[in-house]
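Notes for the one structure printed next.
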Amino acid sequence: MTGLPRHVVAERAARAAETVRQQPCPRCGADTLVARTTDRVAAVDVRADPTPVDPATVPAGRLLWCLVQHEHIGDRIRWRDRWHATACTHPVLADHTCPPRPIQESLL
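With the sequence shown counted from 1, adding 497 to any position gets you my numbering.
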């Protein structure tokens, strides 16, 4: 039995990791989009809220990502840097932050 060459398996695994998919957040259960950025030097695993936001009204401390939609290779998440932001026409996503949990009062 012969398997696929290692470089083909590695390329397919990387492509699958870069594909945007919906997954519930492991902490709060909210619906999120998960993908790895396509940067080969410093790829980042991203978990973002699926609802696009207005970049002018995003609260401080939230990271912004662009949802780049390609007809042939599918959706990708891209870092929204200052050079891309000036001419960006893609939907803008904010990184996911879980809602605060209520603090349980101490029992007497």
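Where a beta carbon is used, it is the ideal one built from N, C-alpha and C, also for glycine.
Return helix, strand or coil for residue i, following the three-state DSSP convention.
i	result
R556	It is worth fixing the name first, because residue 556 is Pro in this sequence and not Arg. Looking at P556 - three-state DSSP - the assignment turns out to be coil, as it is neither helix nor strand.
V593	Reading the sequence as shown, one finds His at residue 593 and not Val. Looking at H593 - three-state DSSP - the assignment turns out to be coil, as it is neither helix nor strand.
R503	helix
Which residues in the same chain as residue i place their Cβ atom closer than 7 Å to its Cβ, once the five residues preceding and following it in sequence are excluded?
i	result
R524	C595
So is residue i buried or exposed if we call it buried at 16+ other beta carbons inside 10 Å?
i	result
T583	exposed
W562	buried
What's the C-alpha gap between residue i and residue j?
i	j	result
G571	V550	21 Å
Q566	T586	11 Å
R509	L564	21 Å
R579	P552	12 Å
Suppose the cutoff is 8 Å on Cβ atoms and the five residues either side in sequence are ignored; what does the same chain contact list for residue i look like?
i	result
P547	Q519, D528, T529, L530, L590
Report the start-end ranges of each beta strand (DSSP E) in the segment 507-594 that is 3 residues or longer and not cut off at the edges. 518-521, 528-533, 542-545, 561-567, 571-576, 589-591
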